[in-house]
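A.B. asks: I have a structure I would like to understand better, so I am pasting it below and will then ask my questions one at a time.
Residue numbers (the numbering used here): 735 to 1391.
Listed below in structure tokens is the structure:
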């Protein structure tokens, strides 16, 4: 059996089956590509799923407009096979004229002489049309429901809300802030509107803390900036058109999940602490319960996707940066090229073969070649069921079972939960000192983070930070010591920064010293800066130096302005702007004259403007190919003290043990 015969080429159902096969091919390639990018930022995976859904929606038009003409050899002549007749039967050759009769006589039964039933292919197409119309009607009904909610909502006139709205919109580069309204009909915030975006808040928003307000605004404005509403709508339309295809439902679900995680990443990049942001998300999910939200809206939090988002928010190893333009262009181009090839491909007709078909009556047997084939039925797959959402056993501490082997307690109000406050630091300290498994010691160090000021815990963490044989255990112990306020901790971290052989442990020590902002940390940081070889650790040391009060910048700090690592150069420029040591201006001016990328040039210009409102060499920047550099130079020439805020918080989320 050939592919042509399997797809029923030449039958009414053939084009439909071929279209489904092409859509399946595109989606399978997308699934494999998304799996290969599982460590990439959520924005990258969102782009992959968005391009795939758009390609599947365009597939019928592309298949019709651009088929590939593949020349094939002419089919061999068919030879009819004649079965010798039995006694009393006559053979009628349908290929030659008969002198006795013009057409063969074929008897039909009375049962088949009545009403003709539609073919299986016709019935399946009718079923598809009915279900597709129902799903489109549901989509329209949801759109009307959202419009009714927005129409009946009250404009938010609170000055605090509006100030935060415009501040976040400016930070995200949104020229026209969307409208914000408050509705009694909902319990979870959402964004809606393809052309004119609107953010709808529940009535409980008046009682939210400033942190909750910022988290909600950053998340929802992130959807507006990324135009996620358009992608979400395309996903819903694709599910209506390909309702029978489970991979389309999977793609739409993954698209929505990636858009939510990309907005979570955006909130963390703008300075929200992951632990606090996760806490705000948990409070919203707890308050929502099972209140329905129209499917056309982008709700901030839903129970069925809560567990995965919590894990992603609290995972320090995940990448959170937005995809650069070259990556957007390459991914989009590659997927669209693959989709065009799949859409243009069409199987060539198979050569005709002689297949005898016998129509018998009492005296006649007729042999026909190449009988028509029945259409192949299209199976209707059912969408996969969503996993059951997590449950909250109480209102104070919500237990989220995101992994059968991990139990994460997220505090929702007040101080630390009692189960963490009352844990036995003596037992954890003993495990950290004596257990033979490095993984067990690492988990023990993680658990002592909230008890770092307890003497027995501080002693065990200090010993592990300096003497443990495993680098991961030392790194986790240093992270836990960041919560200690013991007077000896700065000196201890300085020794780790100076002596540890592992770059990750040294980098964590530099981060902890930067968190303390203790003037006594200036000397060990400057000493480490002079001999450190890891670019990543150098960037963190520069950031820590920028947080420590000092009058003179370390000599090696200006040398980082020409480092091979872009991140290290940016950190050095930020630190120099914080220290504002005017003796570093010549080095900054010299770096400005060197060929740099646009981000580094703007960072150097900010650093120079922090010490000199009109730094030298601005006229040279007016010929830059980067419009951002030219705009920054014009702003500096006009006397502006700062180009824009420096969003450089460096929180360390609670790591997964």
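Quick reminder that beta carbons are idealized off the backbone N, C-alpha and C, glycines included.
1) Give the straight-line distance between the Cα atoms of residue 1250 and residue 766, rounded to the nearest whole angstrom.
2) Can you tell me where the beta strand (DSSP E) holding residue 926 begins and where it ends?
3) Give the secondary structure of residue 1224 by DSSP, where H, G and I count as helix, E and B as strand, and everything else as coil.
4) If you compare alpha carbons, which of 1278, 1194, 993 and 921 is closest to residue 1246?
5) In chain order, which continuous runs of the beta strand (DSSP E) of length 3 or greater are located wholly inside the stretch 842–925?
6) Do residue 933 and residue 998 have their C-beta atoms closer together than 8 Å?
7) On the three-state DSSP scale, how would you describe residue 814?
8) Measuring only the C-alpha atoms, how far is residue 789 from residue 875?
9) Does residue 976 pass the burial test, meaning 16 or more other C-beta atoms within 10 Å, or should it be called exposed?
10) Going by DSSP, what residue range makes up the alpha helix (DSSP H) through residue 934?
11) With distances taken from CA atoms, which of 754, 779, 887 and 752 is nearest residue 1069?
12) Does DSSP classify residue 1284 as helix, strand or coil?
13) By how many angstroms is the C-alpha of residue 1005 removed from the C-alpha of residue 1044?
14) Taking three-plus beta-carbon pairs below 8 Å as touching, is the stretch 1318–1338 in contact with the stretch 1294–1309?
15) Could you have a look at residue 940 and say whether DSSP puts it in helix, strand or coil?
16) From the DSSP output, in three-state form, read off residue 1188 for me.
17) Would you kindly work out how many angstroms separate the C-alpha atoms of residue 1264 and residue 1272, rounded to a whole number?
18) In chain order, what residues of the same chain have a beta carbon less than 7 Å from the beta carbon of residue 1256, not counting five sequence neighbours either side?
19) Quick one: measure Cβ to Cβ for residue 1179 and residue 1214, integer angstroms, because I've assumed they're closer than 8 Å.
20) Between residue 1254 and the rest of its own chain, which residues show a CB-CB distance below 6 Å, the 5 nearest in sequence each way excluded?
21) On the three-state DSSP scale, how would you describe residue 957?
22) If you measure between the beta carbons of residue 1291 and residue 1314, is that distance less than 8 Å?
23) On a CA-only basis, which of 1342, 1345, 1332 and 1344 is nearest residue 1365? Give me that one, please.
24) On the criterion of 16 or more Cβ atoms from any shown chain inside 10 Å, does residue 857 qualify as buried, or is it exposed?
25) Compute the Euclidean distance between the alpha carbons of residue 990 and residue 1234, then round it to the nearest angstrom.
26) Could you tell me the distance, in whole angstroms, from the CA atom of residue 784 to the CA atom of residue 1210?
27) By DSSP, does residue 753 sit in helix, in strand, or in coil?
28) Apart from the five residues just before and just after residue 992, which ones in its own chain have a Cβ nearer than 7 Å to its Cβ?
29) So, using beta-carbon positions, are residue 870 and residue 750 closer together than 8 Å?
30) Check whether the stretch 936–951 touches the stretch 908–924, taking contact to mean three or more Cβ pairs, one atom from each stretch, closer than 8 Å.
31) How big is the Cα-Cα spacing for residue 753 and residue 1266?
32) Would the beta-carbon of residue 1319 fall within 8 Å of that of residue 1345?
33) Quick one: Cα of residue 907 to Cα of residue 954, how far?
34) Please report the distance separating the alpha-carbon of residue 1159 from that of residue 1218.
35) Contact criterion: CB-CB distance below 8 Å. Does residue 794 meet it with respect to chain C?
36) Quick check on this structure: which residue in 795, 949, 884 and 974 has the alpha carbon closest to the alpha carbon of residue 864?
C.D. replies: Reading from the atomic positions:
1) 44 Å
2) 924–926
3) helix
4) 1278
5) 913–917
6) no
7) Because the pLDDT of residue 814 is 43, which lies under 50, any placement of that residue in the model is unreliable, and the question is left without a value.
8) 26 Å
9) buried
10) That residue, residue 934, is in no alpha helix (DSSP H); its beta strand (DSSP E) goes 932–936.
11) 779
12) coil
13) 17 Å
14) yes
15) helix
16) coil
17) 9 Å
18) 1282 and 1284
19) 5 Å
20) 1224
21) helix
22) no
23) 1332
24) exposed
25) 44 Å
26) 38 Å
27) helix
28) 776, 779, 780 and 783
29) no
30) yes
31) 59 Å
32) yes
33) 14 Å
34) 14 Å
35) No chain C is present in this structure, which holds just one protein chain.
36) 974
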